[in-house]
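Residue numbers (the working numbering): 43 to 567. Idealized CB from N, CA, C, for every residue including glycine. All of these numbers come straight from a predicted model, not from anything done at the bench.
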């Protein structure tokens with residue numbers, strides 16, 4: 043693998059920073075998995091998340107933060123600042139496509155944020171889910187494992203989902219381990235969410251003891267709340283009775299909570315999602331309620347572990363110089379399996395659809411930033427951002443703006459939003475291209491390409507060539523297709539979308555399962 047070109051000017055920029063901002067901050071990125079927009083407490087949810095709520099109370103909540111709708115592309119964009127196709131992970135981390143944009147493995151034309159920050163004097167740590175490589179053989183290549191992509195230490199899983207009690211591809215550094223043979227961590231009862239936090243604290247403790255004067259960057263990627271639905275019984279039991287009303291009434295409660303907190307415009311009426319069956323028609327209500335209790339327990343357990351890390355930083359006197367960013371990789375999955383219908387245990391209300399969809403429910407997620415002394419506490423930001431924006435933002439937080447990579451990054455720093463000095467989202471277009479191979483054309487998970495500029499969002503359906511246009515500021519639930527009323531906007535956004543796909547070289551892959559192909563730029567405009 044060709045060695046990437048690394049940072050050239052961040053260190054010098056940090057040295058030239060004003061005296062008040064000269065000390066490089068610690069940076070803690072926390073990523074949740076498959077979590078709904080309104081699941082956590084500070085976004086109107088019924089799940090108890092006091093630690094995330096506290097971070098929001100001391101920082102900013104973003105209402106229009108976007109990811110890529112799926113796990114691997116979101117992680118690739120977060121780590122590199124690029125559109126997923128530019129990293130080689132336009133779809134999933136699997137060896138299934140020959141085209142460069144869909145190789146399923148980080149390519150040698152992207153530079154991870156850890157590679158950059160390490161050259162700028164940071165100690166770099168990763169714990170949890172990696173999921174940006176298809177190199178899974180214990181004796182094979184490991185070019186794209188964390189230690190080879192800029193991290194000093196790693197504990198976690200290389201692939202995506204798996205058991206919370208015995209996760210597949212569990213690693214310490216470059217070596218596969220199991221909960222039973224790990225030389226450094228053997229709790230009485232292993233639970234992966236706990237293990238991620240425990241090992242994060244081990245790394246931080248060692249860092250504090252041996253490198254106290256050195257800033258750290260820690261990437262903490264939980265698998266919560268990804269399937270399988272597994273949690274210690276006491277967590278699920280703590281939610282007995284909370285969801286007994288059923289999701290229709292719970293959606294109404296969320297609506298009022300979100301209005302009271304300012305997350306929903308008071309003029310918006312209570313919306314519904316036709317893909318969710320009415321509660322009164324559900325046959326096995328006890329089972330559905332149990333699924334919601336287990337899901338809530340998974341999220342609560344993650345929140346408790348986030349609180350443990352934050353409290354450790356507080357006790358060490360490090361919290362005031364630590365920037366904490368929390369987000370999720372995609373919207374909540376509305377069934378127990380990605381491959382069949384199943385019980386609904388999360389809602390992305392008031393957004394339409396969920397994971398894998400380019401509807402708002404698949405791509406819009408909670409995002410919290412705590413930056414003591416800079417970000418105003420208990421504030422809300424309604425400007426829109428994309429997950430690839432974290433890369434330039436974190437580098438600017440670390441002290442510099444000027445850096446050189448193999449290809450120009452696609453993300454834009456949102457530091458001006460945090461400091462109240464500007465709006466980088468003004469006039470900007472966001473783009474998505476998410477091929478899926480479930481084989482159905484229609485609403486839900488099979489939208490393929492989308493673009494948003496200002497209030498307008500265009501969605502393109504692969505296979506049918508259908509285009510839909512929504513005014514997101516007035517129609518957050520994407521109910522009213524305005525494409526026939528505004529053909530000039532459809533034409534303008536179609537050209538932008540096609541041009542962007544050419545820019546990022548989003549080639550046409552074919553899928554064996556359906557024989558269908560993703561949209562090619564010329565088909566869109």
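Mapping DSSP to helix, strand and coil, what is residue 447? For the purposes of this step, residue 447 is identified with residue 405 of the chain shown, where counting begins at 1. Judged by DSSP in its simplified three-state form, residue 447 adopts coil rather than helix or strand.
Does residue 474 come out as helix, strand or coil in the three-state DSSP assignment? If you number the chain shown from 1, residue 474 lands on position 432. Residue 474: strand per DSSP, three-state reduction.
List the endpoints of the continuous alpha helix (DSSP H) containing residue 90. If you number the chain shown from 1, residue 90 lands on position 48. Neither: residue 90 is in no alpha helix (DSSP H) and is coded neither H nor E.
Under 8 Å between C-beta atoms of residue 299 and residue 389: Counting from one through the chain shown, the residue named residue 299 turns up at place 257. Counting from one through the chain shown, the residue named residue 389 turns up at place 347. The Cβ-Cβ distance between residue 299 and residue 389 does not fall below 8 Å.
Ordered along the chain, which non-local residues of its own chain (more than five positions away) have a Cβ less than 7 Å from that of residue 101? What you label residue 101 is simply residue 59 of the chain shown in a count that begins at 1. Excluding five sequence positions before and after residue 101, the CB atoms of its chain that fall closer than 7 Å to its own CB belong to 410, 411, 412, 413, 417, 419, given in chain order.
Beta carbon of residue 518 nearer than 8 Å to that of residue 402: Locating residue 518 in the chain shown gives position 476, counting from the first residue. Locating residue 402 in the chain shown gives position 360, counting from the first residue. Contact: yes.
As assigned by DSSP and simplified to three states, the class of residue 269: Position 227 of the chain shown holds residue 269. Reduced to three states, the DSSP call for residue 269 is coil.
Using three-state DSSP, classify residue 454 as helix, strand or coil. Taking the first residue of the chain shown as position 1, residue 454 is located at position 412. Three-state DSSP puts residue 454 in coil, outside helix and strand.
So is residue 231 buried or exposed if we call it buried at 16+ other beta carbons inside 10 Å? One-based indexing of the chain shown puts residue 231 at position 189. Classified as exposed, residue 231 has fewer than 16 neighbouring CB atoms from the shown chains inside 10 Å of its CB.
Determine the DSSP secondary structure at residue 364, reduced to helix, strand or coil. On the chain shown, position 322 is the one that residue 364 refers to. Per DSSP, reduced to three states, the secondary structure at residue 364 is strand.
Residue 279 burial status per 10 Å Cβ neighbour count (16 or more: buried): The sequence position of residue 279 within the chain shown is 237, counting from 1. Around the C-beta of residue 279, fewer than 16 other C-beta atoms lie within 10 Å, and the residue is accordingly described as exposed.
In the DSSP assignment, the beta strand (DSSP E) including residue 196 goes from what residue to what residue? The residue given as residue 196 occupies position 154 in the chain shown. If you look at residue 196, you'll find it in the beta strand (DSSP E) that goes 195-199.
Please list the segments of the alpha helix (DSSP H) lying wholly inside the stretch 229-300, counting only runs of 4 or more residues, in order along the chain. Within the stretch 229-300, the complete alpha helix (DSSP H) runs of at least 4 residues are 234-252, 275-279.
When you compare only the Cα positions, how much space is there between residue 355 and residue 361? Against the chain shown, residue 355 aligns to sequence position 313. Against the chain shown, residue 361 aligns to sequence position 319. In a straight line, the C-alpha of residue 355 is about 5 Å away from that of residue 361.
Is it buried or exposed for residue 547, if we count other Cβ within 10 angstroms and need 16 for buried? Here residue 547 refers to the residue found at position 505 of the chain shown. Classification for residue 547: exposed.
If the criterion is Cβ atoms closer than 8 Å, does the pair residue 465 and residue 459 meet it? Here residue 465 is taken as the residue at index 423 of the chain shown, counted from 1. Here residue 459 is taken as the residue at index 417 of the chain shown, counted from 1. For the 8 Å CB-CB criterion, residue 465 and residue 459 form a contact.
When you compare each of 448, 545, 369, 531 to residue 110 by their alpha carbons, which one comes out closest? Here residue 110 corresponds to residue number 68 of the chain shown, with the count starting at 1. From the listed residues 448, 545, 369, 531, the smallest Cα separation to residue 110 is found for 369.
Which same chain residues end up closer than 7 Å to residue 188 when comparing Cβ atoms and leaving out the 5 residues on each side of it in sequence? Walking along the chain shown from the start, residue 188 turns up at place 146. Around residue 188, the same chain offers 168, 172, 196 as residues with beta carbons nearer than 7 Å, after the five sequence neighbours per side are excluded.
Within this structure, are the beta carbons of residue 73 and residue 264 separated by less than 8 Å? Translated into positions along the chain shown, residue 73 becomes position 31. Translated into positions along the chain shown, residue 264 becomes position 222. Yes, Cβ-Cβ distance for residue 73 and residue 264 is below 8 Å.
What residue range does the alpha helix (DSSP H) around residue 491 cover? As a working mapping, residue 491 is identified with position 449 in the chain shown. Premise fails: residue 491 lies in the beta strand (DSSP E), 489-495, not in any alpha helix (DSSP H).
Report yes if the CB atom of residue 218 is closer than 8 Å to the CB atom of residue 180, and no otherwise. The count along the chain shown starts at 1 and reaches residue 218 at position 176. The count along the chain shown starts at 1 and reaches residue 180 at position 138. For residue 218 and residue 180, yes; Cβs fall inside 8 Å.
Under 6 Å Cβ to Cβ from residue 345, same chain only, skipping five residues before and after it: list those, please. By one-based count along the chain shown, residue 345 stands at place 303. Contacts found: 91, 93, 94.
If you draw a straight line from the alpha carbon of residue 201 to that of residue 530, how long is it in whole angstroms? On the chain shown, position 159 is the one that residue 201 refers to. On the chain shown, position 488 is the one that residue 530 refers to. The alpha-carbon atoms of residue 201 and residue 530 are separated by roughly 44 Å.
Starting from residue 141, trace the beta strand (DSSP E) in both directions and tell me its first and last residue. Numbered from 1 along the chain shown, position 99 holds the residue referred to as residue 141. Secondary structure note for residue 141: it is in no beta strand (DSSP E), with a DSSP letter that is neither H nor E.
Got a sec? Which residues, its chain only, sit under 6 Å from residue 87 by beta carbon, not counting five neighbours each side? Here residue 87 refers to the residue found at position 45 when the chain shown is read from its first residue. The residues are 80, 81.
Please state whether the Cβ-Cβ distance between residue 113 and residue 75 is less than 8 Å. Your numbering for residue 113 matches position 71 in the chain shown. Your numbering for residue 75 matches position 33 in the chain shown. For residue 113 and residue 75, yes; Cβs fall inside 8 Å.
Note the first and the last residue of the continuous alpha helix (DSSP H) segment covering residue 541. As a working mapping, residue 541 is identified with position 499 in the chain shown. Residues 529-545.
With a floor of 4 residues, list each alpha helix (DSSP H) that falls wholly inside the stretch 309-341, ordered by position along the chain. The qualifying runs do not exist here; there are none.
Coarse secondary structure for residue 174, derived from DSSP in three states: The residue you call residue 174 lines up with position 132 of the chain shown. Here residue 174 sits in coil by DSSP.
Assess, as a yes-or-no matter, whether the stretch 425-436 is touched by the stretch 116-133 under the definition of 3 or more beta carbon pairs within less than 8 Å. A contact exists between the stretch 116-133 and the stretch 425-436.
Residues sharing a beta bridge with residue 423, DSSP: As a working note, residue 423 is residue 381 in the chain shown. Here residue 423 is bridged, per DSSP, to 104.
In this structure, does DSSP put residue 68 in helix, strand or coil? Position 26 of the chain shown, counted from the start, is the residue given in the question as residue 68. The three-state reading of DSSP puts residue 68 in strand, counting E and B together.
What's the call for residue 395, buried or exposed, on a 16-neighbour Cβ count within 10 Å? The residue you call residue 395 lines up with position 353 of the chain shown. With 16 or more Cβ atoms within 10 Å of its Cβ, residue 395 is classed as buried.
Alpha carbon to alpha carbon, how far is residue 124 from residue 524? Taking the first residue of the chain shown as position 1, residue 124 is located at position 82. Taking the first residue of the chain shown as position 1, residue 524 is located at position 482. Spanning the two alpha carbons is a distance of roughly 31 Å.
Answer yes if the stretch 247-259 comes into contact with the stretch 151-170, meaning at least three C-beta pairs across the two stretches below 8 Å, and no otherwise. Segments in contact, yes.
Close beta carbons around residue 358, own chain, < 7 Å, minus the five adjacent residues each side: Along the chain shown, one-based indexing puts residue 358 at 316. 250.
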